[in-house]
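Peer 1: Okay, handing you the structure first.
2 protein chains.
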Amino acid sequence: MKSGTKSKPEDLQKPANRGELVGRCLAAFIGAGTLDLSLDQLSGVVGVSKRMLVHYFGDRENLEEQAMSLLEKGLRAQFSSGSLPAGLTPMAAVMALWEQTTAPKSRGVLLLTMDLCRRAWNGSERARSFYDEQQRLWTDLLLNFLPSAEAANDFLQIFQGAALVYLVTGESNPGRSALQRWVSRQAK
Amino acid sequence: MKSGTKSKPEDLQKPANRGELVGRCLAAFIGAGTLDLSLDQLSGVVGVSKRMLVHYFGDRENLEEQAMSLLEKGLRAQFSSGSLPAGLTPMAAVMALWEQTTAPKSRGVLLLTMDLCRRAWNGSERARSFYDEQQRLWTDLLLNFLPSAEAANDFLQIFQGAALVYLVTGESNPGRSALQRWVSRQAK
DNA sequence: AAGTACATGTACCACATGGTACATCGCGGA
DNA sequence: TCCGCGATGTACCATGTGGTACATGTACTT
Numbered sequence: 019m020k021s022g023t024k025s026k027p028e029d030l031q032k033p034a035n036r037g038e039l040v041g042r043c044l045a046a047f048i049g050a051g052t053l054d055l056s057l058d059q060l061s062g063v064v065g066v067s068k069r070m071l072v073h074y075f076g077d078r079e080n081l082e083e084q085a086m087s088l089l090e091k092g093l094r095a096q097f098s099s100g101s102l103p104a105g106l107t108p109m110a111a112v113m114a115l116w117e118q119t120t121a122p123k124s125r126g127v128l129l130l131t132m133d134l135c136r137r138a139w140n141g142s143e144r145a146r147s148f149y150d151e152q153q154r155l156w157t158d159l160l161l162n163f164l165p166s167a168e169a170a171n172d173f174l175q176i177f178q179g180a181a182l183v184y185l186v187t188g189e190s191n192p193g194r195s196a197l198q199r200w201v202s203r204q205a206k
Numbered sequence: 019m020k021s022g023t024k025s026k027p028e029d030l031q032k033p034a035n036r037g038e039l040v041g042r043c044l045a046a047f048i049g050a051g052t053l054d055l056s057l058d059q060l061s062g063v064v065g066v067s068k069r070m071l072v073h074y075f076g077d078r079e080n081l082e083e084q085a086m087s088l089l090e091k092g093l094r095a096q097f098s099s100g101s102l103p104a105g106l107t108p109m110a111a112v113m114a115l116w117e118q119t120t121a122p123k124s125r126g127v128l129l130l131t132m133d134l135c136r137r138a139w140n141g142s143e144r145a146r147s148f149y150d151e152q153q154r155l156w157t158d159l160l161l162n163f164l165p166s167a168e169a170a171n172d173f174l175q176i177f178q179g180a181a182l183v184y185l186v187t188g189e190s191n192p193g194r195s196a197l198q199r200w201v202s203r204q205a206k
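Protein sequence lines correspond, in order, to chains A and B. Under the working numbering, residues 19 to 206 are what the first sequence spells out, in order. Under the working numbering, residues 19 to 206 are what the second sequence spells out, in order.
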């Protein structure tokens, strides 16, 4: 048991800076668009020695876990069911999501999310659970605007394809058009 | 100039085994689902010492280039414009492509292709050109069955999304359903 | 003032990686 | 027969990586 000095807080293993440190690490991962930053690189970006990273987090796996959890928290806040105005048409909602996703400042998060997809299909259970949570989150959100779970499902696949194309080509128009056409045919 | 012993063939830099060796390396990459195999791992799988890999290919970059080119060649053969029976309905053509892509034996190629996508969005020019060629190839093929370039474009995005979902979840049904619904609404 | 627990720096280590140096082998041609 | 050149093995190296050892500083409690 490493913690347990009864003086200040109770069960916070590492008192103060750690929370903020996780945030800075996550920012670094987002900046790099991947979790595959070496501790040395990370320490450079974050401004904390590798020594201290290991000190606070124990090992790399735990560091990644903390960063992923924090990212999940952020995305949960951003895409929870109530986070789009209720009266939006399906088209407006879909377009809002697309613009948000392809905004330049979102690029790092998108890359990181794709990186986690890769980890998931390469067998990482943690990455898989991250993926599943995102799917749930988006499904809940979408059900406010789309008529059925099937529609939400189809939408998610198109959206992921569009995002992939966007990342590779840098073009957001093909994705936008595909989504628009899908939504308008959806209305039938 | 390393070649040029006028005796046997002319411009084959490395006479005999090299071609076959590329094939075995590509098979190893496909088996691993990524180009990121170390020379040591590769030499183990392929049954050729790292020493000889470097001997034949000069360096890793060239090895990767040879393997990518060979993969392109294989995919060109598999998905060139005439490679699906001409009379197929759009639905049948789309389903055929999906079954082919999600067949267990295709898994490695699919993974490798996705790995190249990642390299492309991380800035690899070679991977990007690979991606572009695949897009062209599939577009040509699809135009035999779909009414417009727009439709082909939309299809490709859905298909890539479906493939991504398939890789992460292992389920081919969501993708199949999404594609079916898309095609049938396409007919309008 | 002394003790205790955390904070931090400097070296260091084992291991994997891509690649090289050097020596040897074996075979076809003069 | 000997030469020369590709094929091959063994050892080696520089670099990057995650992580540890050890020593020291710092601050708060008693």
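Beta carbons are placed, not taken as given, at the ideal position from N, Cα and C, and that holds for glycine.
#1: Would DSSP call residue 62(A) helix, strand or coil?
#2: Could you tell me whether the Cβ atoms of residue 133(A) and residue 136(B) are closer together than 9 angstroms?
#3: Residue 138(A) touches chain B at which residues, Cβ-Cβ below 7 angstroms?
#4: Strictly below 8 angstroms CB to CB, what residues from chain A border residue 171(B)?
#5: Taking the alpha carbon of residue 199(B) as the point to measure from, which residue in 168(A), 51(A) and 183(A) has its own alpha carbon closest?
#6: Does chain A have any CB closer than 9 angstroms to the CB of residue 200(B)?
#7: Anyone know if the C-beta pair for residue 127(B) and residue 48(B) falls short of 9 angstroms?
#8: Is the separation between the beta-carbon of residue 125(A) and that of residue 51(A) shorter than 9 angstroms?
#9: Would you mind telling me which residues of chain A sit closer than 9 angstroms to residue 146(B), beta carbon to beta carbon, in chain order?
#10: With a cut-off of 8 angstroms on the beta carbons, I'd call residue 182(A) and residue 179(B) a contact; round off their distance for me.
#11: Should residue 107(B) be labelled buried (16 or more other beta-carbon atoms within 10 Å of its own) or exposed?
#12: Determine, using beta carbons only, whether residue 49(B) comes closer than 9 angstroms to chain A.
#13: Could you tell me whether the Cβ of residue 121(A) comes closer than 9 angstroms to any Cβ of chain B?
#14: Whole angstroms is fine: what's the gap from residue 105(A)'s alpha carbon to residue 111(A)'s?
#15: So which residues on chain B does residue 46(A) lean against when the C-beta distance must stay under 8 angstroms?
#16: Between residue 155(A) and residue 171(B), what straight-line distance do the alpha-carbon atoms span, to the nearest angstrom?
#17: What are the residues in the region 151–165 of chain A lying within 7 angstroms of chain B by C-beta distance?
#18: If you follow the alpha helix (DSSP H) that residue 163(A) is part of, which residue opens it and which one closes it?
#19: If we cut at 9 angstroms on Cβ distances, does residue 27(B) have a partner in chain A?
#20: CB-CB under 7 angstroms to residue 164(A), same chain, minus the five flanking residues each way: which ones, in chain order?
#21: Return helix, strand or coil for residue 3(B), following the three-state DSSP convention.
#22: What would DSSP say about residue 44(B), mapped onto helix, strand or coil?
#23: Between which two residues does the alpha helix (DSSP H) holding residue 193(A) run?
#24: Measuring CA to CA, which of 53(A), 138(A), 40(A) and 88(A) is closest to residue 75(A)?
#25: Among the residues of its own chain, which have a CB less than 7 angstroms from the CB of residue 160(A), if the five just before and after it don't count?
#26: What separation, rounded to the nearest whole angstrom, lies between the Cα atoms of residue 54(B) and residue 79(B)?
Peer 2: On the basis of the data shown:
#1: For the purposes of this step, residue 62(A) is taken as residue 44 along the first sequence, with counting starting at 1. Residue 62(A) falls in the helix class under three-state DSSP.
#2: Locating residue 133(A) in the first sequence gives position 115, where the first residue counts as 1. Locating residue 136(B) in the second sequence gives position 118, where the first residue counts as 1. Yes, the pair counts as a contact, with Cβ atoms nearer than the cut-off.
#3: Here residue 138(A) refers to the residue found at position 120 of the first sequence. Per Cβ cutoff of 7 angstroms: 186.
#4: Against the second sequence, residue 171(B) aligns to sequence position 153. Result: 192, 195 and 196.
#5: For the purposes of this step, residue 199(B) is taken as the residue at position 181 of the second sequence. Cα-wise, what sits closest to residue 199(B) is 168(A).
#6: For this step, residue 200(B) is matched to residue 182 along the second sequence. Cβ-Cβ to chain A under 9 angstroms: yes for residue 200(B).
#7: Start at 1 with the first residue of the second sequence, and residue 127(B) comes out as number 109. Start at 1 with the first residue of the second sequence, and residue 48(B) comes out as number 30. In this structure, residue 48(B) lies closer than 9 angstroms to residue 127(B) by Cβ.
#8: Counted from its first residue, the first sequence places residue 125(A) at position 107. Counted from its first residue, the first sequence places residue 51(A) at position 33. In this structure, residue 51(A) lies closer than 9 angstroms to residue 125(A) by Cβ.
#9: Sequence index remark: in the second sequence, residue 146(B) carries index 128 (1-based). Correct list: 186 and 187.
#10: Within the first sequence, residue 182(A) is the residue found at index 164, counting from 1. Within the second sequence, residue 179(B) is the residue found at index 161, counting from 1. Right, their Cβ atoms sit about 7 angstroms apart.
#11: Counting from 1 along the second sequence, the entry for residue 107(B) is found at position 89. Burial call: exposed.
#12: As a working note, residue 49(B) is residue 31 in the second sequence. No - not a single Cβ of chain A is within 9 angstroms of the one on residue 49(B).
#13: Locating residue 121(A) in the first sequence gives position 103, where the first residue counts as 1. Not an interface residue.
#14: Position 87 of the first sequence, counted from the first residue, corresponds to residue 105(A). Position 93 of the first sequence, counted from the first residue, corresponds to residue 111(A). Straight-line Cα distance between these residues: approximately 9 angstroms.
#15: Taking the first sequence and counting its residues from 1, one reaches residue 46(A) at position 28. Simply none; closest approach about 16 angstroms.
#16: What you label residue 155(A) is simply residue 137 of the first sequence in a count that begins at 1. What you label residue 171(B) is simply residue 153 of the second sequence in a count that begins at 1. In a straight line, the C-alpha of residue 155(A) is about 28 angstroms away from that of residue 171(B).
#17: none
#18: Within the first sequence, residue 163(A) is the residue found at index 145, counting from 1. From DSSP, residue 163(A) is part of no alpha helix (DSSP H); its letter is neither H nor E.
#19: Translated into positions along the second sequence, residue 27(B) becomes position 9. Its pLDDT being 35, under 50, residue 27(B) is placed unreliably in this model, and the coordinates cannot settle the point.
#20: The count along the first sequence starts at 1 and reaches residue 164(A) at position 146. Closer than 7 angstroms at the Cβ level, and outside the excluded window around residue 164(A), lie 108, 170 and 173.
#21: There is simply no residue 3(B) to check, as chain B begins at 19 and stops at 206 in what is shown.
#22: The sequence position of residue 44(B) within the second sequence is 26, counting from 1. Here residue 44(B) sits in helix by DSSP.
#23: Taking the first residue of the first sequence as 1, we reach residue 193(A) at position 175. Counting along the chain, the alpha helix (DSSP H) containing residue 193(A) begins and ends at 191–205.
#24: On the first sequence, residue 75(A) is found 57 positions in, with the first residue counted as 1. Taking only the C-alpha atoms, the option nearest residue 75(A) is 40(A).
#25: Mapped onto the first sequence, residue 160(A) falls at position 142. So the list reads 170 and 173, once near-sequence residues are dropped.
#26: Numbered from its first residue, the second sequence carries residue 54(B) at position 36. Numbered from its first residue, the second sequence carries residue 79(B) at position 61. Approximately 11 angstroms, taken between the alpha carbons.
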